[in-house]
Amino acid sequence: MLDIKNLKVNVEGKQILNGVDLQVGSGETHILMGKNGSGKSSLLNTIVKNPKYEISGGDISFLGESILQKSVSDVAKAGIFLSFQNPPSISGLSVSTLLKNSVNSIRKARGEKPLTAPEYFKLVDEYTEVLEIPKEWLKRQVNLGFSGGEKKKLSMLEMLFLKPKLALLDEPDSGVDVDAVNIIAKAIDYLKPFGVSFLIVSHYEKLISLSKPNFVHIMQDGKVVQTGDITLAQKIIKQGFGDGE
Ligand SMILES: Nc1ncnc2c1ncn2[C@@H]1O[C@H](COP(=O)(O)OP(=O)(O)OP(=O)(O)O)[C@@H](O)[C@H]1O
Ligand SMILES: [Mg+2]
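Per the working numbering: the sequence shown = residues 439 to 683.
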């Protein structure tokens with residue numbers, strides 16, 4: 439469903455992705471690891487067409503169609519979701535407005551009617567229970583005053599609402615407590631029966647094993663240099679990246 443070929447990307451005039459090749463199949467879970475600065479976040483931001491990341495070579499296709507000419511909102515409507523490594527705060531926008539607006543714009547693109555109020559509240563009940571989130575969060579401004587771990591849980595709420603086809607999760611488990619890691623794994627598990635594919639940046643054994651990846655990839659210097667199964671992740675966690683060998 440996601441096919442990345444020889445992808446080269448510049449940020450502010452500097453090449454940071456140097457020929458990434460990566461395929462993610464429908465319903466598969468992939469873990470992406472790599473040293474700080476190896477290009478993981480840049481890759482995910484490029485896939486969602488963040489305009490800061492300029493594609494200078496190669497191709498990204500999603501569901502058989504190149505996304506090179508598409509915008510951030512086109513790819514969101516096509517079903518790609520990114521949870522940020524550092525989720526931004528948006529003052530003046532409540533969580534409930536964000537959720538309703540983003541869900542309804544995706545529904546509109548699919549030719550569906552907006553969520554009715556009862557439908558919305560039913561989903562709120564269901565998802566806040568899965569994620570053990572207090573309902574008062576819905577009234578707060580997006581990420582404003584939320585702790586690091588709470589922001590990551592809020593991203594998971596957005597993910598459940600959007601039910602993407604492909605979820606890109608950038609270190610969803612960094613800075614979160616043990617219980618919250620279990621909840622993030624629960625959110626991933628909740629979506630798997632819908633056939634959602636995941637590409638997850640993580641370096642922690644707990645989420646990696648709970649997410650039951652089909653493949654593990656290692657990035658180094660703006661490229662995917664190694665692909666394996668969960669034993670590759672276990673080896674890296676134990677021994678470090680070394681020289682990438
Ligand atoms: N907006 C930007 N301006 C300048 N340099 C950037 C920008 N975004 C990324 N880079 C550079 O690109 C390289 C890759 O950064 P990226 O954030 O993708 O790494 P990462 O693998 O996600 O690292 P980490 O594990 O620390 O999150 C880094 O050297 C970074 O400084
Ligand atoms: Mg990063």
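Glycine residues also receive a C-beta, built at the ideal position from the N, C-alpha and C atoms.
Item to complete: Using 8 Å as the cut-off, classify the Cβ of K693 as near or not near the heavy atoms of ligand 1, replying yes or no.
Response: The structure shown has nothing for residue 693, since the chain only spans 439 to 683.
Worksheet item: Exposed or buried, what is D615 when buried is set at 16 or more other beta-carbons lying within 10 Å of its beta-carbon?
Response: If you number the sequence shown from 1, residue 615 lands on position 177. Classification of D615: exposed, given that the 10 Å Cβ count is below 16.
Item to complete: Quick one: residues in its chain with C-beta nearer than 7 Å to the C-beta of M626, no 5 flanking neighbours on either side, listed in chain order?
Response: Mapped onto the sequence shown, residue 626 falls at position 188. Inspection of the sequence shows that residue 626 is occupied by Ile rather than by Met. Result list for I626: F636, S649, in chain order.
Worksheet item: Does any heavy atom of ligand 2 sit closer than 8 Å to the C-beta of V449?
Response: By one-based count along the sequence shown, residue 449 stands at place 11. Every heavy atom of ligand 2 is 8 Å or more from the Cβ of V449, so no.
Discussion item. Since G477 and I498 should fall inside the 8 Å C-beta cutoff, what is the C-beta to C-beta distance between them, to a whole number of angstroms?
Written reply: Reading the sequence shown from its first residue, position 39 is the one you call residue 477. Reading the sequence shown from its first residue, position 60 is the one you call residue 498. About 14 Å; that fails the 8 Å criterion.
Item to complete: Indicate whether K630 and G465 have their beta-carbon atoms separated by less than 9 Å.
Response: As a position in the sequence shown, residue 630 is number 192, starting the count at 1. As a position in the sequence shown, residue 465 is number 27, starting the count at 1. Inclusion of K630 and G465 in the CB contact set at 9 Å is warranted, their separation being smaller than that value.
Worksheet item: Taking the C-alpha atoms as reference points, what is the distance between L460 and S593?
Response: Numbered from its first residue, the sequence shown carries residue 460 at position 22. Numbered from its first residue, the sequence shown carries residue 593 at position 155. Rounded to whole angstroms, L460 to S593 spans 24 Å at the Cα level.
Practice prompt. Go to V654, then tell me how far its beta strand (DSSP E) extends in each direction, as first and last residue.
Written response: Numbered from 1 along the sequence shown, position 216 holds the residue referred to as residue 654. Note, V654: beta strand (DSSP E), 653-658.
Worksheet item: Is L537 closer than 9 Å to L595 when the C-beta atoms are compared?
Response: As a working note, residue 595 is residue 157 in the sequence shown. As a working note, residue 537 is residue 99 in the sequence shown. Yes, they are a contact pair.
Fill in: Selection from S521, S527, F519, V486 that minimises the alpha carbon distance to Q507
Taking the first residue of the sequence shown as 1, we reach residue 507 at position 69. The shortest Cα separation from Q507 among S521, S527, F519, V486 belongs to V486.
Worksheet entry | Straight-line Cα distance separating F559 from Y565 | On the sequence shown, residue 565 is found 127 positions in, with the first residue counted as 1. On the sequence shown, residue 559 is found 121 positions in, with the first residue counted as 1. Cα atoms of Y565 and F559: separation of roughly 10 Å, rounded to the nearest angstrom.
Item to complete: Write down the C-beta distance between I656 and M439 rounded to the nearest angstrom, noting that I regard them as a contact closer than 8 Å.
Response: By one-based count along the sequence shown, residue 656 stands at place 218. By one-based count along the sequence shown, residue 439 stands at place 1. Incorrect: roughly 22 Å between the Cβ atoms, too far for contact.
Discussion item. For L582, which residues in the same chain have their Cβ closer than 7 Å to its Cβ, ignoring the five residues on either side in sequence?
Written reply: One-based indexing of the sequence shown puts residue 582 at position 144. Result list for L582: S527, S529, in chain order.
Worksheet item: Thinking C-beta only, is N483 closer than 9 Å to R473?
Response: Taking the sequence shown and counting its residues from 1, one reaches residue 473 at position 35. Taking the sequence shown and counting its residues from 1, one reaches residue 483 at position 45. The sequence as given places Lys at residue 473; Arg does not occur at that position. Not closer than 9 Å, so no.
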